[in-house]
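Enquirer:
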Amino acid sequence: MKKLLIIALIAVIFPACSVYQTLTNLSRLQYRLGTVQNVTLAGVSFSGKKSVKDFSLLEITTFTTQLLKGSLPLNLTLNVDALNPNNGTGGYARTDAQLKSFPFRFLVDGKELVTGNIANSVNVPGTGEVVQIPIVLNMDVAQLINNGGYESAINLVLKIAGVGQGGGSSSVELYARPVVSSVLGDISTPGEIRIIEAQFSGN
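According to the numbering used here, the sequence shown is numbered sequentially starting from 1201.
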């Protein structure tokens, strides 16, 4: 009878420990804002541009014309760096993570510009290496520059495009609630995670 009781307890305790360990490991995933690529404003590329003076008269005319129309479309790819520290050291088992969903809100200077999600799931292996999550952002910034003209629009986009260049600005933020697939089913973070450039952040 005692043997049966011990076996029953083991059958209950070990799965519970496994569940707890899995949850603990997945909660250790960390994120930060990485580089920004393929930035265009009203179809004008920001590649190699550092200030307003780097834009040609034709490009500035394009911005002013679009502003008069009340629309200034901004398109870019924001790479979010994901770090999975579960590499089998430090008392944690090696655990790969499959990001199934990544609902987010993108903010600049405290203003929410766009919301969205990743197009495809992303595997973040437990190797301690950084994996990039590409997020395509499409938004209209015409209403966000407070009638400041094309210079305000350019400076706003340059601030976004400068993420990942080492400035560590906290004025560009991403709030996300990652959903990770596991043997236990989909696991979501309890709340949103604030992601900035300067440092990795997690639960």
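Using N, Cα and C, we set each Cβ at its ideal position, and we do this for glycine too.
Could you have a look at Ala1361 and say whether DSSP puts it in helix, strand or coil?
Expert: If DSSP states are grouped into helix, strand and coil, Ala1361 belongs with the helices.
Enquirer: Check the C-beta distance from Ser1271 over to Ala1342 and give it rounded, since I have them as a contact under 8 Å.
Expert: The Cβ separation is near 5 Å, so the contact holds.
Enquirer: Say whether the segment 1308 to 1316 touches the segment 1236 to 1251, bearing in mind that this needs 3 or more beta-carbon pairs closer than 8 Å, one atom from each stretch.
Expert: Contact fails: fewer than three Cβ-Cβ distances are below 8 Å.
Enquirer: According to the neighbour-count rule (16 or more other Cβ atoms, all chains shown, within 10 Å of its Cβ), is Glu1397 buried or exposed?
Expert: Looking at its Cβ environment, which holds 16 or more other Cβ atoms inside 10 Å, Glu1397 is buried.
Enquirer: Nearest to Ala1376 by CA position, among Arg1228, Pro1334 and Thr1315, is which residue?
Expert: For Ala1376, the nearest C-alpha among the options comes from Thr1315.
Enquirer: Going by beta-carbon coordinates alone, are Asn1178 and Pro1334 separated by less than 8 Å?
Expert: Residue numbering for the chain in the displayed model covers 1201 to 1403; residue 1178 lies beyond these limits and cannot be assessed.
Enquirer: Just list the residues that DSSP pairs Val1324 with in beta bridges.
Expert: Answer by DSSP bridge pairing, in chain order: Ala1297.
Enquirer: Three-state secondary structure (DSSP) at Thr1265?
Expert: In the structure shown, Thr1265 sits in a helix (DSSP, three-state: H, G or I).
Enquirer: Mapping DSSP to helix, strand and coil, what is Asp1254?
Expert: In this structure, Asp1254 counts as helix in the three-state DSSP scheme.
Enquirer: Grouping DSSP H, G and I as helix and E and B as strand, with all else coil, what is Leu1344?
Expert: Here Leu1344 sits in helix by DSSP.
Enquirer: If we ignore side chains and look at the alpha-carbon of each, how far apart do Asn1275 and Leu1337 end up?
Expert: Using only the alpha carbons, I get a separation of about 6 Å.
Enquirer: Cα separation between Asp1281 and Gly1248?
Expert: Distance between the alpha carbons of Asp1281 and Gly1248: 23 Å.
Enquirer: At a cut of 8 Å, does the segment 1257 to 1267 reach the segment 1383 to 1393 through at least three beta carbon pairs?
Expert: Short answer: they don't touch.
Enquirer: Measure the C-alpha to C-alpha separation of Gly1234 and Phe1400 and round it to an integer number of angstroms.
Expert: When rounded, the distance between both Cα atoms is 10 Å.
Enquirer: In terms of alpha-carbon separation, which member of Ser1381, Val1379, Ile1360 and Pro1378 lies closest to Val1372?
Expert: Looking at the Cα atoms, Ile1360 is the closest of the given residues.
Enquirer: Excluding the 5 residues flanking Asn1323 on each side, which residues of the same chain have their C-beta closer than 7 Å to its C-beta?
Expert: Taken in chain order, the residues that qualify are Asp1296 and Gln1298.
Enquirer: Taking 8 Å as the threshold (C-beta atoms), are Ser1352 and Lys1300 in contact?
Expert: Their beta carbons are not under 8 Å apart, which means Lys1300 does not touch Ser1352 by this criterion.
Enquirer: Identify the residues that DSSP records as bridge partners of Phe1304: which are they?
Expert: Looking at the DSSP assignment, Phe1304 forms a beta bridge with Gly1316 and Ala1376.
Enquirer: How would you write the range of the beta strand (DSSP E) that Ile1393 sits in, first residue to last?
Expert: Per DSSP, Ile1393 belongs to the beta strand (DSSP E) from Ile1393 to Ile1395.
Enquirer: So Asn1320 and Phe1304 are supposed to be a Cβ contact under 8 Å. How far apart are they, rounded?
Expert: Actually they are not in contact, since the Cβ atoms of Asn1320 and Phe1304 sit about 15 Å apart, beyond 8 Å.
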